[in-house]
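>
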Amino acid sequence: FSSNSSTLLAGEVSSSTVQHMVCDSAFKCDREQQAQLLGNVILSGGGACLDGMVERLRDEVEAVIHTHTPGWRVKVLAPAPAERMVCSWLGGSILASL
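The following block contains the structure:
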């Protein structure tokens, strides 16, 4: 997966692949937490509705992390396809109702 548009994160502009963004985010955390973070990747949004997206992201993230730490497993969680498109709105409505 490649992002053609630039992503604004913490004041930095980057155009990186999705799997590298996931790995970079986990690797910026403490070593003890990295395996737990990579075991709980959540995929949501309209783009996540593509066929095979969950499996492909898992395989590509594992390919990246196995160059650094062989044996770590990645678990990608995703709600049902119908809910993936509206997850942002659901989260926003729950937060607004608090």
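Residue numbers (this note's numbering): 3 to 100.
C-beta atoms are modelled at their ideal positions from N, C-alpha and C, and glycine is treated no differently.
Is it buried or exposed, Ala98, if we count other Cβ atoms within 10 angstroms and call 16 or more buried?
exposed
> Taking Cβ positions, are Ala80 and Ser27 nearer each other than 8 Å?
no
> Kindly examine the ligand COA and report whether one of its heavy atoms sits closer than 7 Å to the Cβ of Gln21.
In terms of ligand content, the structure shown is empty, and the ligand COA therefore cannot be addressed.
> How long is the line joining the alpha carbons of Cys51 and Ala84, rounded to whole angstroms?
8 Å
> Going by beta carbon distance, what residues of the same chain come within less than 6 Å of Glu62, once the five residues before and after it are set aside?
Gln21
> How would you call Arg33, buried or exposed, if buried means at least 16 neighbouring beta carbons within 10 angstroms?
exposed
> With H, G and I counted as helix, E and B as strand and the rest as coil, what does DSSP make of Val78?
strand
> Check the DSSP bridge columns for Ile96 and list the partner residues they point to.
DSSP output for Ile96 lists no bridge partner at all.
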